[in-house]
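Below you'll find the structure, written out as structure tokens, and then a few comments.
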Amino acid sequence: TDDAGPGPLTMAGGKLAITADCRLDNRDELLDTLGTRDSSVADAALLMRAYLRWGEACPVHLQGDFAFAVWDAERQLLFCARDHFGVKPFYYHAAERRFAFASEIVPMLGLDGVGAHLSEHRISGFLAGLPDDPQSTPYRD
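Residue 1251 in the numbering used here is what sits at position 104 of the sequence shown, and the numbering runs on without skipping anything.
Structural data, given as structure tokens:
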């Protein structure tokens, strides 16, 4: 979700929360499999129901472009996933007592402790046509 969005969606009495940037292409299949008849249900709610059904294996059942994070308060677990082709990016920064994430890099660059210094190594690799490392960004930090 973006800054103007409604924030995380909660379920299971607040024990689960999800925030997502998603477009699911297999909505009808998911609605049927998850036993939901309400076709107006938001994609993020479908993602949450998929997590409730399949747990950490839920991305296997999803088709489309997505990046999401589910907070499972009962298990004290943050589960993050993105689509199989990486169409929706998932940027993150882990610090001592903070884990921040976004599907766009700009909000991450505004965080304390996150530098916006370009990596000469990554830039030179890009210019030389070397394969991209999907685990890194053009920034050093």
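Don't be surprised by glycine CBs; every beta carbon is placed ideally from N, CA and C.
Notebook entry, point to check: What are the uninterrupted segments assigned as beta strand (DSSP E) that are 3 or more residues long and contained completely in the region 1220-1284, given in chain order?
Noted result: Listed in chain order, the beta strand (DSSP E) runs fully inside the region 1220-1284 are 1224-1229, 1238-1242, 1245-1249, counting runs of at least 3 residues.
Check: Do you know offhand how far P1279's Cα is from A1216's?
Finding: Translated into the one-based positions of the sequence shown, residue 1279 becomes position 132. Translated into the one-based positions of the sequence shown, residue 1216 becomes position 69. Inspection of the sequence shows that residue 1279 is occupied by Asp rather than by Pro. Looking at the two C-alpha atoms, the distance is approximately 24 Å.
Check: Out of S1283, G1262, A1249, W1218, which has the shortest C-alpha to C-alpha gap to D1268?
Finding: Here residue 1268 refers to the residue found at position 121 when the sequence shown is read from its first residue. Note on identity: in this sequence residue 1268 is His, with Asp being the wrong assignment. Taking only the C-alpha atoms, the option nearest H1268 is S1283.
Check: Applying the criterion that 16 or more other CB atoms from any shown protein chain within 10 Å of the CB defines a buried residue, is K1162 buried or exposed?
Finding: If you number the sequence shown from 1, residue 1162 lands on position 15. Around the beta carbon of K1162, fewer than 16 other beta carbons sit within 10 angstroms, so the residue counts as exposed.
Checklist line | Assigned secondary structure, R1170 (DSSP; H/G/I helix, E/B strand, else coil) | finding: Residue mapping note: residue 1170 aligns to position 23 of the sequence shown, counting from 1. In the structure shown, R1170 falls within a strand segment according to DSSP collapsed to helix, strand and coil.
Note to self: Which of the three DSSP states is assigned to A1189 in this structure?
What the structure shows: The residue you call residue 1189 lines up with position 42 of the sequence shown. DSSP places A1189 in coil when its eight states are reduced to three.
Check: Using the rule of at least 16 other Cβ atoms within 10 Å of the residue's Cβ for burial, across every protein chain shown, is Y1239 buried or exposed?
Finding: Your numbering for residue 1239 matches position 92 in the sequence shown. The residue is exposed, with fewer than 16 neighbouring Cβ atoms inside 10 Å.
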